[in-house]
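Take a look at the structure below.
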């Protein structure tokens, strides 16, 4: 088993949503509210399928985040309801979106204690994607801002994004370790540029974050909960 | 008149929207389309006033950018139309928003030539605010990416944002010069942290970017067009 203690790791990047704090649950709640709102028009199954289809179609234009998700709920509702689409449906979708933006930040699993320990030995940064304002707001609400030397909000968490980050930090790829809950965003691209990764699965994963290709099962460490990372670093 | 040539400027930050490329015009076009769409319900004057009111109310939650603007158009239309709000109005608002996101990037006034000259002597960075994805997409479309050593997308362009930037770049405030078209975002907060600024007004300014307090008229240089900055640096 890989052990990072004797390696040359200088900077550790933490993903935020569903690694440090609860996020995906709020999307699941919003989807439930969406299905309830339109229950008279279609089954939850059809509604969820349509919403996902619209979300993925709009990803390139809207990117990740709650505002794009809200606009996609609106578009999906329009396609489902046709001329039955109403002021009250639209108002409710806007309300669901605003409620999501205003959710409290709930920290996971001993996060603060873990960060306190890790930063004694490493430079710690936050590496997230999505909406800039929303991520900064969550960080502020979290009270964790002081633990991070640098905050990076990326477009996509692509290999190119990570390559730019590592170069911006003046690091060799092997000096960087990423920790996160998404194989697709936090683990695979990081390994592909020659950096290191620890995978901490969360209880739920958005369909789009599940890799479609066969996933490599080597080259990274998987742990059950965030505090388990302390055994390796 | 201030001359930066013999000063200790090391890094020059350029604002993007309406400094390097056309932006505000697209919002004006969208507002016209919005007024035309709802012309049977209210006068343009009332519609514009309502839209602005909703935009400003939502700024804290949505931030700056096209997706938030689209959601605000939706909300304003709901308030104006009440039960007359329809599927076709909602569809059209989503279309207006998507069209904005898909607009070409039109460079202003000899931009590429100016950047080529300036980067011979200074480190050049891009300092913008708004939607991360949208700003990165515009930068990519602009073909200007290679001119910038660093891209900073800020939440608000507040004094705190600029202070963080200058510290992140390991600069003394007086070593930084900001160039942009908004007194409120590009000039005043920059002067307030002890850095330098050149103001290049654009033909139109969003109402919210017009400072409400009495504006200092000292401490910065104002030029008519971007290429005029070359006389001072």
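Protein chains in written order, with this note's numbering: chain A, 612 to 844; chain B, 612 to 844. Think of the CB as a built atom: it goes at the ideal place given N, C-alpha and C, for glycine as much as any other residue. Everything numeric in this text was worked out from a predicted model, so none of it was measured.
- Non-local beta-carbon contacts of residue 769(A) in its own chain, meaning distances under 8 Å to residues more than five positions away in sequence, involve 800 in chain order.
- Classified as exposed, residue 618(A) has fewer than 16 neighbouring CB atoms from the shown chains inside 10 Å of its CB.
- For residue 752(B), the three-state secondary structure derived from DSSP is helix.
- Residue 813(A) sits close to residue 792(A), with the two beta carbons spaced by under 7 Å.
- Listed along the chain, the chain B residues whose CB falls inside 7 Å of the CB of residue 702(A) are 689.
- If the five residues before and after residue 741(A) are omitted, its C-beta is found closer than 6 Å to the C-beta atoms of 675, 676, all from its own chain and listed in chain order.
- When secondary structure is reduced to three states using DSSP, residue 760(A) falls in the coil class, being assigned neither helix nor strand.
- Per DSSP, residue 680(A) is one residue of the alpha helix (DSSP H) stretching across 677 to 692.
- For residue 705(A), the nearest CB of chain B lies under 7 Å from its own CB, placing it at the interface with that chain.
- Contact annotation, residue 831(B) with residue 809(B): C-beta distance approximately 7 Å; criterion of less than 8 Å satisfied.
- Sequence-distant Cβ neighbours of residue 665(A) in its own chain, meaning closer than 6 Å and more than five residues away, are 683, 686, 687.
- Nearest neighbour of residue 634(B) by Cα position, chosen from 745(B), 798(B), 758(B), turns out to be 745(B).
- Excluding its 5 nearest sequence neighbours in each direction, residue 704(A) has C-beta neighbours in its own chain below 7 Å: 681, 684, 685, 688, listed in chain order.
- In the three-state reduction of the DSSP assignment, residue 633(B) falls in the coil class, being assigned neither a helical nor a strand state.
- Distances from the CA of residue 726(A) to each of 614(A), 837(A), 843(A) were compared; the closest alpha carbon is that of 837(A).
- In the DSSP assignment, residue 773(B) falls within the unbroken alpha helix (DSSP H) covering 770 to 779.
- Ranking 714(A), 730(A), 835(A) by CA distance to the CA of residue 844(A) puts 730(A) first.
- Here residue 807(B) carries a strand assignment [DSSP, helix/strand/coil].
- By the rule that beta-carbons nearer than 7 Å mark a contact, residue 754(B) does not touch chain A.
- In this structure, the straight-line span from the alpha carbon of residue 733(A) to that of residue 693(A) is close to 55 Å.
- Burial check for residue 815(A): the Cβ neighbour count within 10 Å stays below 16, so the residue is exposed.
- When DSSP states are grouped into helix, strand and coil, residue 740(A) belongs to the strand group.
- For residue 674(A), the C-beta contacts it makes with chain B under 7 Å involve 744, in order along the chain.
- Taking residue 750(B) as the centre and dropping the five residues before and after it, the same chain places the C-beta of 756 closer than 6 Å to its C-beta, in chain order.
- Ranked by Cα distance from residue 628(B), the options 658(B), 620(B), 671(B), 715(B) are led by 715(B).
- For residue 625(B), the beta-bridge partners assigned by DSSP are 737(B), 790(B).
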